[in-house]
Structures are given as C-alpha cells and as structure tokens.
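Our numbering numbers the first residue of the sequence shown as -3 and each following residue consecutively.
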Amino acid sequence: MLLATAIFIAPLCLRAQAQTSSIHFDKQTKVFRIDAADVSYIFGVNENKQVQTLYWGKRLSAADTFAAAKSAPGASSSDPSIDTTRQEFVAWGGGLYVEPDLKVTFPDGNRDLVLQYVSHTITGNHLTLQLKDISREVYVELQYEIDPETGILRRSAEVQNKTSLPLTIEQIASGTWTLPRAQDYRLRYLTGRWAGEWNLREQAIQPGKITLESRRGSTGAQNNPWFAIDRNSSNDQDQGDVWFGALGWSGSWQINIEQDQIQQVRVTGGPNSFDFGYRLAAGESLQSPYFYAGYSHDGIGGASRLLHRFELASILPGASHPKLRPVLYNSWEATGFHVDEAGQEALAEKAASIGVERFVVDDGWFGQRAGDHAGLGDWYVNPVKFPHGLKPLIDKVHSLGMDFGLWIEPEMVNPDSDLYRKHPDWILNFTGRPRSQGRHQFVLNLARPDVREYVFNFIDKLLEENDIAFLKWDYNRNWSEPGWPAVSPDEQKKVYVTYTQNLYSILGELRRKHPKVEIESCSGGGSRVDLGIMRYTDEVWPSDNTDAFDRLKIQDGFTYAYTPGVMMSWVTDTPTQINHRMLSLDYRFLSSMQGSLGIGANLNDWKPEDFATAKKMVSRYKQIREVVQRGSLYRLISPGDGSEQSVTETVSQDQTQAVAFAFLHSSEMLYPFPRIYLRGLKPDALYRIETLDGKLAGDSPAVASGAFWMQQGVDVDLKGDFQAAAFTLKIVSQ
Ligand code: DGJ
C-alpha cells in the first residue's frame, strides 16, 4: 500500500485526458513513485541504503504496487553488486566500474566515496533526497522536479562539503537514468560542424559506452547535449517507446550511454570530466546542471513534441507564454562588416516595405571593426560609420514601425583592440605558452570577476543609452589553453564551471534590469544551443548555412531537440553563399517559414517582383506563425538520408488549424510527389484546405473531415527541381 507523505495535483491544460501528477513515498517499502502526464518514474531505497531505480516508462495504474528495492546480486566476482544494482546516483567507491555520477579526491589521498540515503522532503512537484558518505561529512542532495504537463523530469545533484578540509570534485553528473532491461535499444543523437549542424545519427546500443560530448568550453556543434533512445527500432515517427533527455549546460559537457556487463542501459550526464577539477572548500557546495529527461509512447515525434511544449512552457524566458518571434531583417550576408548609417537606413526602408518587424545591425558597427581582425572588445560606436551614434538609425527604424536589434560578441577580444592592449591577462591562457587564435580572436576569461564586470557593464550601458529591443549574442570560437593564471593552480580548473555560471548570471542580470530586451544565442552558427542557454535567450541561430535546401535537413535535425518557436531562419540570396545553389524566392521563403522567419538577403539587389513575393509571404507567415511557433510538429517525410522530399506539418494546440510545407529536390522517372497523409487532426471535425501558393492538386475537395485528410491525404502538384508548396487547414465545424 502506498502511504503518501506529500501529494502534488495539477490539471493538465494542454492534454485532452485529465491526468494528475503526484509524488508519493511509501514508508513501508521505501518506494518513491512519481507520476505525471503519461509517465511513471519509480525508485526505492534498498537494504544497503542505495537509491535504486525500479521503473521508468509509460504511466502505470495507481493500483500497481512495487515491492521494496533489493540490490542486485553481482554478476560474478568481477562485477559486484554495486555495478549491477541500478542506482539513481552512484559515487566512485568500492569496486565501481560503470560510469560514476560523482568522483572526488580528499586531501589525504582518499578517493573512496560510498553514498547512502539519509532522508527526503517532498514539496509540491519537487522531491529532494539527501545522501551521505558512509563515514565522511560529504552530502549529496538529489533534486527531482516533475513537469505535470509533459512528465519531463528535471534532475540535479548538489555536493555539499561539510568536512573541515577542501576536496576536489573530478567528475559530477546530475544523475543516472536507467532504462528498462532490453537488448534492442537504438540511440539517436545529433552531430555537426560549422555550416553543417544538426545531423541526426543513430546506432544500436551494444555492450560498451558511447560518449556524446564537448571539450570545447561551450556546447559545440560536434554533438548536441540531447539523446533519444527507442526500442524495436520502429521507423514510424509517431509510434513506439522513446526515452529522451537534454542537458541544460552551455560549458563543456558529456552524456554517457552505457550498456553494462548485464545489458542494462544507463545514461549519465553533466559537465565534461576531461580536464575537470572543482575544488570545494570546507562548507561549500556545488550543484550540477539540470538534466531533463522524459518518455514518450508516441515515438520520436511524440518525444520532440513533448520537448517543444516543455521548452515553451518551462524553459524559455517568459515561459509559459514566451512571445512570438517577430519577422526580422539582418544584413550580415548582404553587407558583411560594411555597415553604416546611410546604408542601414536604406535597407531599413526596404525591409519595412515588406512587413519586417525588427531591424538588426550585425557585426561591424563598433570599435575599429573593418573585418574580423580587429575591434572585438572595444564596444564604442564606430565614429566613421555612425558619426552621430546609433540614435539616428534607431529613430529611423522606429519611425518605420520596426524595433531595433544589435549584434554583440561580448566574450571575445581581438589582439588588435584597445581592450587587449590594456588587459592581455584577461584571456584564457597558460603563462608563457602560445595563445592560439580562432577567427583572429581570443576568449575572454569570463570566470574572472573583473571580466564579468566589464562585460556586464558595457552591455548594460549600451542598453541604457540606446533603445534596443534585441541583442544577437554571438560567440565565434572554441576554447584553447584554458588556463586561469590569476588564481592558485588548484583553483584553475574551476574555469569550466565558473565561466558558464558567470555567463548565465550576466544574462540573468541583464534580463532583470532590461526586461523588454530579447536575446538570441548565436555561436558561429548553431554551436551554443542547449536547455541552459535557452533559459536566458528567446531564440537561437541554428546555422550559418542559410541555403534553403540544406536548411531542410538542418531544421529537421534541430527540431528533434528544440522547438521551431526559437529556430531563427533567414531568407537569403541566391546563388546561396554556401553551395552556390539557385533556388526560387518562393522556395526560400517556404523553407524559412517552418521556423522563426527572418530576411537576410541584399534588398538593394531585389527587383520589384521580389518585393511583391516577399510582401505576400511575410503577410502569410504572420497568419500562420502562431501555429508554426507554438503547434505540434509532425515530420511526415524527413529530408535525411538522400530523401527526394521533405514534408512537415504543424497542428495548433487546439487542433483547429494546421499548416503543411512540402519540398521536392528533383522529379524522377515520372513519379508523382508522394501523397501527404496528415496527422494530429480531429477525425470528426471538418477542415477547409487552402493553398499558400497554388500548388494543390486540382481534385482536392475544399472541405473534408480530419479523418479524410489523414486517411485519404492531400496531393500537391510538385514537379521539377527544388520545388516547394504549402497549405493550411482550418476547422469549419467541430
Ligand atoms: C557568426 C554568425 O553566425 C553570423 O550570423 C554573423 O553574425 C557573424 N558571426 C558576424 O561576425
């Protein structure tokens, strides 16, 4: 029988079926049970006082009970019980060979840590467990928070040093997620590089360990801190069991997916343990980043829809109702560093004429910034380019009915800058060693209090002195020589944590002081997108690759982890900068309209017909953007693996509207474009179909039931190369 010590009940606004969420503790069996949305998560305290995972998956009946946790027998003398028992959080001690959640070194050379359950508290949707080492005054608080609407759990661990001496944390994870026992798991993850971010990869999980990571100082594009694991390898996007998670950390990170000696699959995640060492003085504590994870019974599509809803409702600034993204213009691809008052004003007039709502000045407006060799760090307005400061341009932008945004790259400095000449010691470096440059710049050591203050102050002043609605916060290189010579050698490796904490604290303080300012996270394309930075930024830049065809794949990969509501997507010029591909303006618009629409083309080169097309598309986008940015995304045909087509559909949360985008790479052998079978509609309701661009097949009815559109489907008339179509469905009767 379950004895509840505390219960949290919340209505689920976005779910059709009324589910409740709750956290129970059964005093007799020492079993904790967390239920929310479609998920149950259950663990218990076993006879060794280890916290042991019992179940994670589809929601169970309230009548289902669990016996007290019992530690697993070892598989052999080589694999003792500590390795085979499914622990929620395990420190390195005893004979632990699987990935630990925590590894420490004490000043006396002891490196053994064995944690045992001490107590717990349940407050609303939070559960905190206190663990303690068997002999030393080292405590770990395991924190769980359940999201009632999606069943996504947020976990983190806080290490508290209550001994009288310092200790060094060499590895810290937020916890271990252990999947139900099975041998047919498949891992999906994201890889990439500059101009080629967000590739979805998959592989079978087999005995051994897969590490997804960044050692670059920031999130990176090589891997993104997201994973999804499914069973039975169903290729239907919307069917099957999927366990997924994402780490909220923008520094070096790692996620380990390990199949242990008895074929149990464990996932751990936290800051990267490579070159890590956090000295925790007596009385100090360190909290790990948040690691979020969930379960979906509706396949990988269902998993991403849960993440999207969670991000919008719980992560982004302004959650649970973050603002819709305005249509913006940015001239980076058009004018590069050559920004000046007259040129930007001329572009602003043209941008306003097509319905743009935000005008953004990119790189080049400050210091002695003629190219990427100089100026970073000197955040004064360039007096030649903007002789009267930014005000005349900002006023002009406002008079045209748009708000104003500005590019900054606060964490960097060029060697050719006043700032570096004055403070050569402010960058990450090892004394007496070479200082590697990336894009002719160094990384400022934001962990230093003086650098933190400088960065905060210059941005604060910029925002105080100018009517700025939006900052594009860029970050264009990875770390090298991550030394911090100003502190003692045993404190230096704290840079990996303190840098990121200071980045968050600057962003948080700026947001508090300037609540109307929105921020985009950009990092030489999409190298800093994660659930940590997204708590402080309203949108992200997925890639410097703006080729509208490549973007289909980039956007497809991106949306496995992150909502299209933050996915900035510009319409740029053709031939495209990256591939020199020719694409029609319609195609480029429809590709970008699947996310947050921006325009990055050189409007000075546009013909009257381009302005007419753009005006029409921007106006249509405004009609559908709430559905695109807030709705439920269905990937009907994924553009990966050489597919000739791509189709996405987004359905509004209330299922009254939908919008679908279809893209053809090239027609072959007289084959028609595949019929589009929609998903997520109300089967019995009637919906009216409307084309955005006249490419619906002629025999489509104007009005039909949701069942019709889902079962009989829709044909679009796409033939040729690089063709695109879009249509909407609106409910006419329920
Ligand atoms: C990299 C960004 O991704 C681009 O959009 C642009 O802002 C440049 N930096 C500017 O240097």
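For each residue, glycine too, the CB sits at the ideal point set by N, CA and C.
Regarding W361 and ligand 1, is the C-beta to nearest heavy atom distance less than 8 Å?
-> In the sequence shown, the residue the question calls residue 361 occupies position 365. Answer for W361: no, Cβ out of range of ligand 1.
For G802, the three-state DSSP class (helix, strand or coil) = With the chain running from -3 to 730 in the structure shown, residue 802 is simply not present.
Which of helix, strand or coil does DSSP assign to L714?
-> Taking the sequence shown and counting its residues from 1, one reaches residue 714 at position 718. Residue state, collapsed to three classes: coil.
Could you tell me whether any Cβ in chain C is nearer than 9 Å to the Cβ of G295?
-> Of the chains in the structure shown, none is chain C; there is only one protein chain.
When you compare only the Cα positions, how much space is there between G266 and A87?
-> As a position in the sequence shown, residue 266 is number 270, starting the count at 1. As a position in the sequence shown, residue 87 is number 91, starting the count at 1. Computed Cα separation, rounded: 14 Å.
Just confirm the distance between the C-beta atoms of E516 and T496, as a whole number of angstroms; I'd bet it's less than 8 Å.
-> Locating residue 516 in the sequence shown gives position 520, counting from the first residue. Locating residue 496 in the sequence shown gives position 500, counting from the first residue. Rounded, the Cβ-Cβ distance is 18 Å, inconsistent with contact.
The region 192 to 208 in contact with the region 498 to 509 per 3-pair CB rule at 8 Å | no
What's the gap between the Cα of K128 and the Cα of D75?
-> For the purposes of this step, residue 128 is identified with residue 132 of the sequence shown, where counting begins at 1. For the purposes of this step, residue 75 is identified with residue 79 of the sequence shown, where counting begins at 1. In a straight line, the C-alpha of K128 is about 24 Å away from that of D75.
Please list, in chain order, all residues of the same chain as S634 whose beta carbon is under 6 Å from its beta carbon, the five residues on each side excluded.
-> By 1-based counting over the sequence shown, the position of residue 634 is 638. Hits under 6 Å: D552.
Specify, as a first and last residue, the run of the beta strand (DSSP E) that Y288 falls within.
-> In the sequence shown, residue 288 corresponds to position 292, counting from 1. First-last of the beta strand (DSSP E) with Y288: Y286 to S292.
Enclosing beta strand (DSSP E) for Y731 [first to last residue] | Residue 731 lies beyond the range of the chain shown here (-3 to 730); nothing can be said about it.
Does the region 135 to 147 come within contact of the region 300 to 308, defined as at least 3 CB pairs closer than 8 Å?
-> yes
Can you tell me whether F270 is buried or exposed, with buried defined as 16 or more other CB within 10 angstroms of its CB?
-> Taking the first residue of the sequence shown as position 1, residue 270 is located at position 274. It counts as exposed.
Among L109, R275, W239 and S292, the one whose alpha carbon lies nearest that of L161 = Your numbering for residue 161 matches position 165 in the sequence shown. Out of L109, R275, W239 and S292, R275 has the C-alpha closest to the C-alpha of L161.
At what residues does the beta strand (DSSP E) containing M589 begin and finish?
-> For the purposes of this step, residue 589 is taken as the residue at position 593 of the sequence shown. From DSSP, M589 is part of no beta strand (DSSP E); its letter is neither H nor E.
Helix or strand or just coil, what does DSSP make of F362?
-> On the sequence shown, residue 362 is found 366 positions in, with the first residue counted as 1. In the structure shown, F362 sits in a strand (DSSP, three-state: E or B).
Evaluate contact between the region 674 to 686 and the region 695 to 710, counting only Cβ atoms and requiring at least three cross-stretch pairs below 8 Å.
-> yes
Give the secondary structure of L163 by DSSP, where H, G and I count as helix, E and B as strand, and everything else as coil.
-> By 1-based counting over the sequence shown, the position of residue 163 is 167. In the structure shown, L163 sits in a strand (DSSP, three-state: E or B).
F362 beta carbon less than 9 Å from that of I743 | This structure leaves residue 743 out entirely; the chain is present only between -3 and 730.
Short Cβ contact (9 Å threshold) for T25 with D486 | Taking the sequence shown and counting its residues from 1, the one referred to as residue 25 is at position 29. Taking the sequence shown and counting its residues from 1, the one referred to as residue 486 is at position 490. Cβ atoms of T25 and D486: not closer than 9 Å.
Check whether the Cβ of W194 sits closer than 8 Å to any heavy atom of ligand 1, and report yes or no.
-> Against the sequence shown, residue 194 aligns to sequence position 198. No - ligand 1 has no heavy atom lying nearer than 8 Å to the Cβ of W194.
In three-state DSSP terms, what is G702?
-> In the sequence shown, residue 702 corresponds to position 706, counting from 1. Reduced to three states, the DSSP call for G702 is helix.
Go to Q250, then tell me how far its alpha helix (DSSP H) extends in each direction, as first and last residue.
-> By 1-based counting over the sequence shown, the position of residue 250 is 254. Looking at the DSSP string, Q250 is not in any alpha helix (DSSP H); the run it does join, the beta strand (DSSP E), is W249 to Q255.
K490: beta carbon under 8 Å from a heavy atom of ligand 1?
-> Taking the sequence shown and counting its residues from 1, one reaches residue 490 at position 494. No, ligand 1 has no heavy atom inside 8 Å of this Cβ.
Is W403 near ligand 1, with its Cβ less than 8 Å from a heavy atom?
-> Here the question's residue 403 lines up with position 407 in the sequence shown. W403 Cβ: within cutoff of ligand 1.
Within 9 Å, strictly: CB atoms of S170 and D256 = Stepping through the sequence shown from its first residue, residue 170 is reached at position 174. Stepping through the sequence shown from its first residue, residue 256 is reached at position 260. No, they are not a contact pair.
Taking only the alpha-carbon atoms, compute the straight-line gap between P406 and T119 and give it to the nearest angstrom.
-> Along the sequence shown, one-based indexing puts residue 406 at 410. Along the sequence shown, one-based indexing puts residue 119 at 123. Distance between the alpha carbons of P406 and T119 is about 39 Å.
Meets three-Cβ-pair contact criterion under 8 Å: the region 584 to 602 and the region 616 to 628 = yes
Length of the line joining the Cα atoms of G351 and V323 = Position 355 of the sequence shown, counting from 1, holds the residue named residue 351. Position 327 of the sequence shown, counting from 1, holds the residue named residue 323. Between G351 and V323, the C-alpha separation is close to 8 Å.
Can we count N378 as close to ligand 1, meaning its CB is less than 8 Å from some heavy atom?
-> By one-based count along the sequence shown, residue 378 stands at place 382. Not so, every heavy atom of ligand 1 lies at least 8 Å from the Cβ.
So V655 and A722 are in contact, right, with Cβ under 8 Å, and what is the actual spacing, rounded?
-> Here residue 655 refers to the residue found at position 659 of the sequence shown. Here residue 722 refers to the residue found at position 726 of the sequence shown. Going by Cβ atoms, the distance from V655 to A722 rounds to 7 Å, so yes, they are a contact pair.
If you measure from the CB of S628, is any heavy atom of ligand 1 nearer than 8 Å?
-> Walking along the sequence shown from the start, residue 628 turns up at place 632. No, the Cβ of S628 stays beyond 8 Å of every heavy atom of ligand 1.
Name the residue from A370, A482, D368 and A342 whose alpha carbon lies nearest to the alpha carbon of L396.
-> Translated into positions along the sequence shown, residue 396 becomes position 400. Of the listed residues, the one whose Cα sits closest to L396 is A342.
Say the cut is 8 Å; is the CB of N472 nearer than that to a heavy atom of ligand 1?
-> Mapped onto the sequence shown, residue 472 falls at position 476. The answer is yes for N472.
Inspect the CB distances between the region 58 to 76 and the region 236 to 244 and report whether three or more fall short of 8 Å.
-> no
Residue closest to W173, alpha-carbon to alpha-carbon, out of N474, W239, L208 and I550 | By 1-based counting over the sequence shown, the position of residue 173 is 177. Among N474, W239, L208 and I550, the Cα nearest to that of W173 belongs to W239.
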